[in-house]
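Undergrad: All the letters of the sequence shown, read from the start, carry residue numbers 1 to 609 under the UniProt record's numbering. The C-beta atom is built at its ideal place from N, Cα and C for all residues, glycine as well.
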Amino acid sequence: MSSSSTYKVPPSSPLAFPHPQPAPLRVLPLQPSPSPPIAFYVLCGWQIPAAIGGEMPAAAQKNRRLCSDSCAGRSCQQPPEAPPKLEENPAEAFTDSSLFAHWGQDLSPENRRIALKQFQYYGYNAYLSDRLPLDRPLPDLRPNGCRNLTFPNSLPEVSIVFIFVNEALSVILRSIHSAIDRTPPHLLKEIILVDDNSNNEELKEKLKEYVDEVNMRKPGFIKVVRHSKQEGLIRSRVSGWRAATAPVVALFDAHVEFNVGWAEPVLTRIKENRKRVISPSFDNIKYDNFEIEEYPLSAQGFDWELWCRYLNPPKSWWKLENSTAPIRSPALIGCFIVDREYFQEIGLLDEGMEVYGGENVELGIRVWQCGGSVEVLPCSRIAHIERAHKPYTEDLTAHVRRNALRVAEVWMDEFKSHVYMAWNIPQEDSGIDIGDISERKALRKKLQCKTFRWYLVSVYPEMRMYSDTIAYGVLQNSLKSDLCLDQGPDTENIPIMYICHGMTPQNVYYTSNQQIHVGVLSPTIDDDDNRCLVDVNSRPRLIECNYAKAKRMKLYWQFTQGGPVQNRKSKRCLELQENSDNEFGFQLVLQKCTGQRWSITNVLKSLSS
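1) Confirm, please, whether the CB-CB distance from Ala115 to Ser134 is below 8 Å.
2) Below 8 Å on the Cβ atoms is my guess for Val225 versus Ile192; work out the distance and round it to an integer in Å.
3) Exposed or buried, Asp212, counting other C-beta atoms within 10 Å across all chains shown (16 or more means buried)?
4) What ranges does the alpha helix (DSSP H) occupy inside the segment 247-309, keeping only unbroken runs of at least 4 residues that lie completely in it?
5) Could you please give me the residues that DSSP links to Thr524 through a beta bridge?
6) Measuring straight from C-alpha to C-alpha, what distance separates Arg65 and Ile222?
7) Spatial neighbours of Cys370 within its chain, please: CB distance less than 7 Å, with the 5 preceding and 5 following residues excluded, ordered by chain position.
8) By a C-beta neighbour count over all protein chains shown, 10 Å radius and 16 as the cutoff for buried, is Thr397 buried or exposed?
9) Closer than 6 Å by C-beta to Arg235: which residues in its own chain qualify, once you throw out the five before and the five after it? Chain order, please.
10) In the DSSP output, which residue or residues are listed as bridge partners for Ile365?
11) Helix, strand or coil: which one does DSSP assign to residue 610?
12) With 16 other CB atoms within 10 Å as the buried threshold, where does Asn424 fall?
13) Residues in its own chain within less than 7 Å of Lys416 by CB, not counting five upstream and five downstream?
14) Taking Cβ positions, are Leu542 and Val518 nearer each other than 8 Å?
15) Distance check for Phe559 and Leu607, CA to CA, integer angstroms please.
16) Leaving out five residues on either side along the sequence, give the residues of the same chain with a beta carbon under 7 Å from the beta carbon of Tyr455.
17) Whose C-beta lies closer than 6 Å to the C-beta of Tyr122 among residues of the same chain, with five residues either side of it excluded?
18) Does the segment 150-166 come close enough to the segment 277-289 that 3 or more CB-CB pairs lie under 8 Å?
19) When DSSP builds the beta bridges, which residues end up paired with Phe336?
20) Does the separation of the CB atoms of Ser323 and Pro143 fall below 8 Å?
21) When you compare only the Cα positions, how much space is there between Leu377 and Ser170?
22) Whose C-beta lies closer than 8 Å to the C-beta of Arg269 among residues of the same chain, with five residues either side of it excluded?
23) Compare the C-alpha of Ile382 against each of Lys441, Lys319 and Tyr295 and name the closest.
24) When burial is assigned at 16 or more other CB atoms within 10 Å of the CB, is Pro330 buried or exposed?
25) If we require 4 or more residues per run, which alpha helix (DSSP H) segments fall completely within the segment 133-205?
26) Give me the DSSP bridge partner(s) of Trp598.
27) For the candidate residues Phe151, Arg174, Arg113 and Ala101, whose alpha-carbon lies nearest to that of Arg131?
28) Taking the beta carbon of Leu149 as the centre, do at least 16 other beta carbons fall within 10 Å, making it buried, or is it exposed?
29) State buried or exposed for Leu590, treating a residue as buried only when at least 16 other CB atoms are found within 10 Å of its CB.
30) Please tell me whether Val534 and Ala550 are closer than 8 Å, where the distance is taken between their beta carbons.
31) For Arg531, which three-state DSSP category applies?
32) Can you say whether Thr601 is buried or exposed, counting buried as having 16 or more other CB atoms within 10 angstroms of its CB?
33) One question on the structure: do Ser159 and Val249 come within less than 8 Å of each other, judged by their Cβ atoms?
34) Excluding the five sequence neighbours on either side, which residues of its own chain have a C-beta within less than 8 Å of the C-beta of Val355, listed in chain order?
35) Cα separation between Lys605 and Met421?
36) Would you check if the distance between the CB atom of Leu141 and the CB atom of Asn289 is smaller than 8 Å?
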């Protein structure tokens, strides 16, 4: 299986596609066409999946393959412009937007304006989504061996939960249709929609009409949970779980498309062991043109800031030489399937977290430390829209940071220092209120969970440890205390002095063997190496630490708090030199020591020369 193959949305067509709302016939062509439109499924009414009793008009049945293979044309009603959110500049050069890099070159200026406005609101191409069939075909991206697998006849039913806030209606409906069309009917008990207090009018009455139409054919099949205030992704998932009644619950974003055969491998693994939490393998729905981009098989992990990330499958998986085998995974990306009762026994999600971020990492750590396991299944594939931007909230960094500290304090024992270091936060008096964690600590004690050291050794051995760090934070010179050592532009590997902001480019770590690391901490042994401060000539450089060590470069520095930073071999000091050409009036140099003093924010152990 190639690591990057793409399913291309077919070219434009004069065929008419249903806009997902009942409305009088009113077409909005993307391009003028001399051909009369052909109705697709139902003329400007709801398109109900055939699996639950929907019917196709004869004309649509006759032209199903042609219709399904088309990507654009006419819709039954002009889609509503997105609710106002951003200030719109009439003279905005929307033609330069990334939205139009691979799509929409033939749109009229007015339609480009509408498409861009919707893109700004949703973070993906809702304009195109409204013109795609709700049951469009997907390429089967499973490894070849998956097609030959057999599964038990008796498998548990699943409730599929979709979480959304101000999502495009057509995207939600496509998620629903793909779930219904590609899940065996006897396994899909219900679909639950959790609306986290959307203010998009399209998601109120119009969505209700669609749900009512489905439930007329199959009573109670779709449930809608609506929050009276915005609770965030974490609590919304718990709301969906509470509404579910099937033995297994699948928790997903409402901007996904299920692929063929996704359910049977998942339900089989959970039936064999109810303490398995399962993630499908994810592919990408491109935000601009909705092409399906195949992602390589991977496990799911995290860095020391607890941002989730994809990982290479472990060596033990490769040794099997079986691309259908489950992949042992340290954590979860976010969407997962779990035994409903086991999820409660293990403590659901941490509802003391806020909005978004860290809950998936916390769940993975907790499951492993408390006797369960996490797997990614190559034979279960689901495509997910990766937005160009998240339009529904402010910067998520503060929420992720707070949530990460909750995880660190409850689950990570002595390694919690790594999270504080990665976020450049003091371990004492951080100034961040992480809320009450007593219940989560009591849960850990009740479940008799293992240590985080066990987790690192047994589950996530790829994770780098930084126990040799004795000081961290920003590094400042007394000559100009509002400037901090900064990694500078990545391409130049030349550190600079920059106005202090304390973010990742200014993170400095001083180790017990007298190395100075600048910038992000490499999370795993498979990642690029950390960059060390090195004395090359009159100007310092940032060079990968292992390379510098192998080449016997001058990368060891004597440093005491409030004292000089002096290279151990050259005896030259890192100092500031006035330079009127520099943006801030100073540049970093290596020279004979003149007594300049440096200080670092957080000292863990005594700094001695």
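TA: Taking the geometry as given:
1) Looking at the sequence itself, residue 134 is Leu, so the reference to Ser does not match. The answer is no: Cβ separation not under 8 Å.
2) Separation of the CB atoms of Val225 and Ile192 is rounded to 7 Å, and the pair is thereby assigned contact status at 8 Å.
3) Residue environment for Asp212: exposed (fewer than 16 other C-beta atoms within 10 angstroms of its C-beta).
4) Qualifying alpha helix (DSSP H) stretches, in chain order: 263-272.
5) Per DSSP, Met463.
6) Residue placement at Arg65 is poorly supported in this model, since its pLDDT is 26, which falls under 50; the coordinates still yield a value, given next. Using only the alpha carbons, I get a separation of about 28 Å.
7) If we look at Cys370 and ignore the five residues flanking it on each side, its Cβ neighbours are Ile346, Leu447 and Cys449.
8) That one is exposed.
9) By the criterion of a C-beta distance shorter than 6 Å, Arg235 is surrounded in its chain by Glu351, once the five residues flanking it on both sides are discounted.
10) None; Ile365 has no bridge partner.
11) This structure leaves residue 610 out entirely; the chain is present only between 1 and 609.
12) Under this definition Asn424 is a buried residue.
13) Non-local C-beta neighbours of Lys416 in its own chain, meaning closer than 7 Å and more than five positions away in sequence, comprise Ala408 and Glu409, ordered along the chain.
14) Yes; because the gap between Cβ atoms is below 8 Å, this pair is in contact.
15) Cα-Cα distance, rounded: 7 Å.
16) Cβ within range, chain order: Ile365, Trp368 and Gln369.
17) The answer, listed in chain order, is Ala168.
18) When Cβ pairs closer than 8 Å are counted between the two stretches, the segment 277-289 is seen not to touch the segment 150-166, the count staying below three.
19) Looking at the DSSP output, Phe336 shares a beta bridge with Leu251.
20) The Cβ-Cβ distance between Ser323 and Pro143 falls below 8 Å.
21) In a straight line, the C-alpha of Leu377 is about 28 Å away from that of Ser170.
22) Taken in chain order, the residues that qualify are Arg276, Ile278, Pro326, Glu375 and Leu377.
23) Closest option to Ile382, Cα to Cα, is Tyr295.
24) So Pro330 ends up on the buried side.
25) Counting only runs that start and end inside the segment 133-205, the alpha helix (DSSP H) elements of at least 4 residues fall at 169-181.
26) Looking at the DSSP assignment, Trp598 forms a beta bridge with Asn477 and Gly563.
27) If we check each option's Cα against that of Arg131, Arg174 comes out closest.
28) With fewer than 16 other Cβ atoms within 10 Å, it is exposed.
29) Looking at its Cβ environment, which holds 16 or more other Cβ atoms inside 10 Å, Leu590 is buried.
30) Between Val534 and Ala550, the gap from beta carbon to beta carbon reaches 8 Å or more.
31) For Arg531, the three-state secondary structure derived from DSSP is strand.
32) Burial call: buried.
33) Yes, these two residues count as a Cβ contact at 8 Å.
34) In chain order, Gly232, Leu233, Ile234, Thr393, Leu396 and His399 place their CB closer than 8 Å to the CB of Val355, counting only its own chain and leaving out the 5 sequence neighbours on each side.
35) Separation of Lys605 and Met421 (C-alpha to C-alpha, rounded to the nearest whole angstrom) is 14 Å.
36) In this structure, Asn289 does not lie closer than 8 Å to Leu141 by Cβ.
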